[in-house]
Structure formats: C-alpha cells, structure tokens
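Counting from 4, one number per residue, gives the positions in the sequence shown under my numbering. In this text, a Cβ means the ideal position worked out from N, Cα and C, and glycines have one as well. See structure below.
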Amino acid sequence: MEREKKQEYALLTAWGASFVATLGSLYFSEIMKFEPCVLCWYQRIIMYPFVLWLGIAVAKKDYRIASYSLPIASVGACISLYHYAIQKVAAFSAAGAACGRVPCTGEFINWFGFITIPFLALIGFITIAVCSFIVIKNK
Numbered sequence: 004m005e006r007e008k009k010q011e012y013a014l015l016t017a018w019g020a021s022f023v024a025t026l027g028s029l030y031f032s033e034i035m036k037f038e039p040c041v042l043c044w045y046q047r048i049i050m051y052p053f054v055l056w057l058g059i060a061v062a063k064k065d066y067r068i069a070s071y072s073l074p075i076a077s078v079g080a081c082i083s084l085y086h087y088a089i090q091k092v093a094a095f096s097a098a099g100a101a102c103g104r105v106p107c108t109g110e111f112i113n114w115f116g117f118i119t120i121p122f123l124a125l126i127g128f129i130t131i132a133v134c135s136f137i138v139i140k141n142k
C-alpha cells in the first residue's frame, strides 16, 4: 500500500510540474509578450503534452506512463541544459546567436543572476524525470 501511495504522489507531482511549466510558458509568451526562440519551442513541444498524458495517468492511476515519461523528460532536460549553456557559457554562446528570428542567447528573465526560462524548464523536466524514476522503482 505504501508503494502505491509513493507512486501516486510521484505521478501527481510530475503532473503538477508539467502544469506549472506550461502555465509559466504561456504566461511569458502571451502575457509578458516574450517571443520564444527555436529551442524554447522544442522544449514547449516536449513539455505541453505532459499535462495531458500525466493528467490522464493520474486520473486512471496508470503508472506505466513512467516508462515513457522518463526518457521523454530526459530528452527535454538535455535540450534545456544545452539552451541554458548557450545563455550562460561563453563557449556555447556563438551557437545561439543564429538560432532563428529570436536568438537563443536572449535572457528575458535573469532572477538572482542564474534563473532563466531554460533553467526553469530544466527544473521542470528534471522533476518529471525524477518522479517517473520513483514510480518505476516502486513497482
């Protein structure tokens, strides 16, 4: 019984992370009018479906979703980490200047000197991946 509760809470936490990330992304683009760069779009393409997939999995208590959400969230985390490196590491910065209409080096927010939009996405993807791992380990 305790294992099932851990799975349930982990899945709910993963869904919550995807929901908050999606709302945050929409807030930045639709309300703050920040235009997403190409890498931001890739991260959105990966993050947005998690709200639906994980929401259905939570409602049905279908813990098999973790087998799929872990690798997909890991890919999203890699894209976010690369995007963050483009913003913060000088050696990567040259790659981000010609990313598209909006350069991937742009920092619309920079809270505390290190929290940018790709960093927030990275935290979201890591949260989903860790929660998925917890679900898998408690089968």
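In this model, residue 52 and residue 97 are separated by some 31 Å (Cα to Cα). Looking at the DSSP output, residue 118 shares a beta bridge with 114. Annotated as proximal: residue 80 and residue 129, with beta-carbon spacing under 8 Å.
The beta carbon of residue 9 is closer than 7 Å to those of 137 and 141 in its chain, skipping five residues each way along the sequence. Taking C-alpha positions only, residue 104 is separated from residue 39 by approximately 9 Å. If you check the CB distance, residue 49 and residue 75 come in under 8 Å.
Fewer than three Cβ pairs drawn from the stretch 108-119 and the stretch 57-68 lie within less than 8 Å of each other, which leaves the two stretches out of contact. For residue 21, the number of other beta carbons within 10 angstroms of its own is at least 16, and it is reported as buried. Boundaries of the alpha helix (DSSP H) harbouring residue 50: 41-63, taken from the DSSP string. When C-alpha distances from residue 82 are compared across 5, 33 and 47, the shortest belongs to 47. In the structure shown, residue 5 falls within a helical segment according to DSSP collapsed to helix, strand and coil.
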